[in-house]
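Comments concern the structure below.
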Amino acid sequence: MKRIATVFDGLDFAGSTMDFAIGYCKKSDAHLVGVFPESFLYHEYDFAELLGKNGISAVKIRHAVMKEAKKRARSRKLFADGCKKAKISYSISHPEGITIDEVLKESTFADMILIAKGERFSTIGTQLPSTFTRQLLSDSRCPVLLLDERIENHSRVLLLYDGKPGSVYAIKLFFSLFAAEQDTSTEVLYVTSSDPKAEIPDFEKIKALVECHRPGAIYTCISGPEKQSAIDYAQGLGPGTLTVAGAYGRGSTSRWFIPSIADGLIAQCRCSLLVAHNR
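Structure, rendered in structure tokens:
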């Protein structure tokens, strides 16, 4: 049984993320952990609203805190009710430390993290990916699946392959995590920036691996600027695509580790993104 941790903002509950997570765990016979961070640094109220005639109003603070506590409790109940209705194994965690630190700790003990692509745990800024997402992708100790909240199911899978071990590692993790969804259309994409006539490196080996899990997969080789070409190709596939990328973070030998590729996929594409790296 796999242990899947789904991260929620209790003040802005992502119901579509819960629905996907429950469906995944039911199909994969996995245990689902609902993680509801409650950092003292994150609130939905504006401190200016708490001012009274004599400065900060204790009464207004108390009401604001109680309102948030009830909202967080409702979110946890929605999650629990959904899991009970689906009859899946579940548990709930609502740590009170720094949000990113607590989520990274959860990633140490999870097989995969699920989270909405737009989650930020902050009232500041609207740009994607958020600072929270960047740090999560860079430092997570397990694969992270960023879900497009507008997509209920994935109709196709795009595996980004650059011939390096990092991208192959991510592909193998995907096969392990999504073994129950073998009927999804699958494509392997290789981008070359130098020789338009270049072939996919170690083609026979990567094909042998992929065919063991996804017989009939498509193999595509395109030329152009590596980062943007991959982003444009994924975007062209349209909504419902799950893109698998080798990693995220600096200092890697794999091209897919370069943050701007994942950043572009998050910001420009209506697709979900699975990011995994071998630590």
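By our numbering, the letter at position 181 of the sequence shown is numbered 181, and the numbering carries on one by one without gaps. We treat Cβ as the ideally placed atom computed from N, Cα and C, and that holds for glycine.
Taken in chain order, the complete alpha helix (DSSP H) segments of 4 residues or longer contained in the segment 179-249 are 203-213, 226-236. Here cysteine 271 is buried, its C-beta having at least 16 other C-beta atoms within 10 Å. The segment 88-96 and the segment 17-35 touch, with no fewer than 3 CB-CB distances between them shorter than 8 Å.
A Cβ-Cβ contact shorter than 7 Å links isoleucine 22 with glycine 82. For threonine 184 against histidine 213, the beta-carbon gap comes to about 11 Å, at or over 8 Å, which does not count as contact. For the options Ser130, Ile61, Lys60, the alpha carbon positioned closest to that of glycine 264 is the one of Ser130. Residue pairing by DSSP places leucine 160 opposite Leu189 in a beta bridge. The three-state secondary structure of cysteine 271, taken from DSSP, is strand. When the five nearest sequence neighbours on each side are left out, the beta carbons in the same chain lying within less than 6 Å of the beta carbon of serine 107 are those of Ile113, Ser140, Arg141, Cys142, in order along the chain. Secondary structure at methionine 1: coil, using DSSP grouped into helix, strand and coil. In the DSSP assignment, serine 91 forms a beta bridge with Val33.
DSSP places leucine 11 in the coil class of the three-state scheme, outside both helix and strand.
Classified as buried, valine 144 has 16 or more neighbouring CB atoms from the shown chains inside 10 Å of its CB. A distance of 7 Å or more separates the beta carbons of phenylalanine 121 and tyrosine 45.
When DSSP states are grouped into helix, strand and coil, isoleucine 22 belongs to the helix group. The closest CA to that of aspartate 101, considering only Lys84, Gln127, Thr133, is found on Thr133.
Its Cα nearest to that of aspartate 148, the residue Ala116 stands out among Gln135, Ala116, Gly125. Between the C-alpha atoms of tyrosine 233 and alanine 86 there is a straight-line separation of about 36 Å. Looking at the backbone, the Cα of cysteine 221 and that of histidine 63 are separated by about 59 Å. As summarised for the segment 124-148, the continuous beta strand (DSSP E) elements at least 3 residues long and confined to that stretch are 144-147, given in chain order. Under a 10 Å Cβ-count criterion, valine 59 is classified as exposed, with fewer than 16 other Cβ atoms of the shown protein chains found around its own Cβ.
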